[in-house]
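Right, one structure below, let's go through it.
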Ligand SMILES: Nc1ncnc2c1ncn2[C@@H]1O[C@H](COP(=O)(O)OP(=O)(O)O)[C@@H](O)[C@H]1O
Ligand SMILES: [Mg+2]
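Residue numbers (the working numbering), protein chains in the order written: chain A, 98 to 662; chain B, 401 to 757.
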């Protein structure tokens, strides 16, 4: 085959690509280095998990068949899928209504809604569970103090759905707001002009144009809900098992690594399916470019009655979210939740006493991992968008993949992959940093790709043309131009690193612990006040850190950027 | 240094069909001499930009070679080639001052800062931007940005300058001024240049030689005079300015001469090749070469349309049932005809040129 002229001709571009890379050794080395890193820190752990789950003496699926003989594990599987689907639905409904209200209706307090949406994002993902315990638990403000009920059944699907909706609706809101802003209002105006009613315009124009964005948001929330570890651990209890929690308990409680690995792989399959759907199917169908400039919205979109309904809904959401996070503040400063709401700083002195080292550890991990992650992300984005080489799309897919891998899978994979030479890393700072670097590299890549598409490739070609090699072009032209996107991605990755739990819980040690893990421990031992104080401290640190990062970046690099989540 | 293209070919994967190929450049051969300004001229999509980008190294040829002087540079990356390009949309680095933009190429070559500053100043002077080095690009007009792009390209003293429709974003007046500037600077530096444009006026004004391209192939190359007055194909004749194709029949030939019958009259014109008697040919007749109302008219035409443009008048005439376009200058002296007028039509035999019909 290779000797036919057609095949020869097809081979020639590949050989020329290769020839060019050989002439730019620096580029070739960095490509190989990135492939090596992706291989070690994303693919290898994944292989280890799968390998462990099929490593038995009998048939390769013996562990699975044994595991899923138990109705409890089967229930965990269906529960996880059910939860993912329900959360996706409720979060996207709430997020869409809010986004529509903010972009299409003339109401006050729009900035408040934006702020409300940020709070759950910069909090540890299970803080809403903590609030639910404070509100509806045994000593709950509403259940016990208001109604005198002690055993309100908040554990299980109800509580979990509420917690996940509060946690994940902002993700849907922010992306759908972008989608609705990017739909040219002239299209809706044109339909009005042709005599369509408001309802018809919504049904025939706005909604269809937003459908790809809605589907994409649903898949993203589905993935996040599946991977959610903190909320189900706190709220689901034994009555409502989910895969992520069961995998953890299987390993830490029963010392059954193969079983835990098998549960993790089971969790992996729907996640990756949703990821592939989102990336290769839904995003292809998009009618709007999210990078489009926000245009002025029409104010005709809804009638007066509907306007009040939507405003009321938006305010109700604000009140709920503020209530949820308000009880955390109150709880942090209360003597004994449910009995004595007197002011105290005892929770904070306790937390600082037991957790000061952990706070430093957490900051060390986040501060080290985010810039590395951001730089690698930007560089991969640069290679993927601007360079031609064999394995380019494999590089993009692999590096974006870690977004779809549930933290539980990664956590188990890391302890399996890095517990022996040559990669003996368990219990070290390195394993935590490596985990966060590759977990949040997709953030940098996505921001980088979006920013690069805004830059005329001619600008980089001009630099090459003047004699700059790839390295110089990246350093002197590309990087300065994409630096606002870079820093904005950095802040996002920092926040995620500070609040992550699901993978990290497998990787912490006595030497290196994380705040989220300790908060969860406090919740587990019933010290809700301490957990609240710790959570508040964490959010405070994040807010201060964001302000400091912005100041430093402005001073040092003269770059101002938007903090976007 | 000269540039030679040997059987240079570029195929792209068709965006619509994975199997199919778009042949952007179809195995062209071209020799550009040292110090020469050669224009690639042709309609949009004919492969000009692709050719230029293969010389610069931004596109890898599917087949064929690019030589700079005697050296085969086909497989060199763009930064390893001694070529400098002026981009259509200027591609000025938006985050650098004018001086940093212009000095960029020198800064890569580890030249001392003081020397860079000095050379930047003198180049800015040459392109007429003296004193604007501290400005940011968005504080410049379109014409000034164009000059920055030019200065940035020439400061590294490349062997070849490449231009991709450098003036297409400027207004008409500025365009005419800038093309003279570019020509002046190119001749001043004595640098080899390849200039891409789809504007025939621009090509005529600045080129030593014009290469007319069509569908990835070279239709004809020659001096502006040859391209205009001796087009070898109807495509070239049509693309370069307005033209009439007048049908004629060969009725006799002598060495270097041809007798053709046109509108029933036999005239003798210059022609190198021998054509058999009886063959049909087209006479390429430029509208400004058509004379109206002369005593020795070849035929009579009827005025069908008159457009008064001030310095010239355009006429559409019907001559023996075919349309003939004429442009008459100095209309005041010669008088303006009206629709329906009958006029005699004449052209000097030496202005027409024969192409196969
Ligand atoms: N990257 C590409 N992929 C596919 N087709 C291309 C690409 N670049 C150019 N072409 C095609 O090659 C042909 C020549 O393009 P180009 O050289 O840009 O023409 P010109 O500069 O003369 O307008 C066109 O048909 C164009 O569509
Ligand atoms: Mg072009």
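Built from N, CA and C at the ideal position, the CB exists for glycine as well.
For ligand 1, the residues with a Cβ under 5 Å from any of its heavy atoms are, in chain order, B:412, B:422, B:424, B:444, B:445, B:446, B:447, B:448, B:449 and B:450.
Judged by beta-carbon spacing, residue 661 of chain B lies within the 8 Å limit of residue 648 of chain B, meaning their Cβ atoms are closer than that value. Put simply, the CB of residue 676 of chain B is far from chain A, with every gap to its CB atoms at 8 Å or more.
Taken in chain order, the unbroken stretches of alpha helix (DSSP H) that lie wholly in the segment 216 to 255 of chain A and span 4 residues or more are 224 to 233. Nearest CB-CB separation between residue 544 of chain A and chain B: not below the 8 Å threshold. Under the DSSP assignment, residue 425 of chain B falls in the beta strand (DSSP E) whose first and last residues are 421 to 432. Between ligand 2 and the CB of residue 599 of chain B, the shortest heavy atom gap is not smaller than 7 Å. Interface with chain A (8 Å Cβ-Cβ cutoff): residue 499 of chain B is excluded. Burial check for residue 708 of chain B: the Cβ neighbour count within 10 Å stays below 16, so the residue is exposed.
Rounded to whole angstroms, the separation of the alpha carbons of residue 582 of chain A and residue 131 of chain A is 21 Å.
Contact with chain A is found for residue 484 of chain B, since one of that chain's Cβ atoms lies less than 8 Å from the residue's Cβ. Taking a Cβ-Cβ threshold of 9 Å, none of the residues of chain B is close to residue 651 of chain A; the smallest such distance is about 16 Å. Within chain B, the residues 475, 476, 477 and 480 have their CB atoms less than 9 Å from the CB of residue 120 of chain A, given in chain order. With respect to the C-alpha of residue 371 of chain A, the residue from A:570, A:594, A:534 and A:324 having the closest C-alpha is A:324. By the neighbour-count definition (other C-beta atoms within 10 Å, threshold 16), residue 187 of chain A is a buried residue.
Judged by DSSP secondary structure, residue 401 of chain A falls within the alpha helix (DSSP H) whose first and last residues are 401 to 429. Taking the beta carbon of residue 565 of chain A as reference, the chain B residues within 7 Å of it are 479 and 508, listed in sequence order. For secondary structure counted as the alpha helix (DSSP H) over 4 or more consecutive residues, the segment 470 to 548 of chain A holds these complete runs in sequence order: 489 to 501, 504 to 514 and 526 to 536. Among the residues facing chain A, residue 691 of chain B is not included, as its CB has no counterpart in that chain under 8 Å away.
Taking 8 Å as the threshold, the shortest C-beta distance from residue 552 of chain B to chain A falls below it. Residue 746 of chain B has B:691 as its beta-bridge partners, per DSSP.
Annotation for residue 600 of chain A: 504, 507, 508 and 532 place their beta carbon closer than 6 Å to its own, counting only its chain and skipping 5 residues before and after. Residue-level contact check: residue 556 of chain A touches chain B, since one or more beta carbons of chain B fall below 8 Å from its beta carbon.
Taking the Cβ of residue 564 of chain B as the reference point, at least one heavy atom of ligand 2 falls within a distance shorter than 7 Å.
Where residue 564 of chain B is concerned, the enclosing beta strand (DSSP E) starts and stops at 560 to 564. Counting along the chain, residue 439 of chain B sits inside no alpha helix (DSSP H); it lies in the beta strand (DSSP E) bounded by residues 437 to 441. In this structure, the alpha-carbon of residue 166 of chain A lies about 42 Å from that of residue 542 of chain A.
Counting along the chain, the unbroken alpha helix (DSSP H) around residue 604 of chain B starts and ends at 600 to 606. The beta carbon of residue 465 of chain B sits closer than 6 Å to those of 406, 472 and 474, all from its chain and outside the five residues before and after it, given in chain order. Neighbours of residue 543 of chain B in chain A, taken as residues at a C-beta separation under 7 Å, are lacking, since the least C-beta distance is about 18 Å. With respect to residue 684 of chain B, residue 627 of chain B sits apart: the two C-beta atoms are not nearer than 8 Å. Residue 445 of chain B and residue 612 of chain B have their C-alpha atoms roughly 13 Å apart. Per the DSSP secondary-structure output, residue 653 of chain B pairs in a beta bridge with B:658. For residue 468 of chain B, the enclosing beta strand (DSSP E) stretches over residues 463 to 468. Taken through DSSP and simplified to helix, strand or coil, residue 488 of chain B comes out as coil. Taking a C-beta distance under 8 Å as the contact criterion, residue 566 of chain B and residue 486 of chain B qualify as a contact pair.
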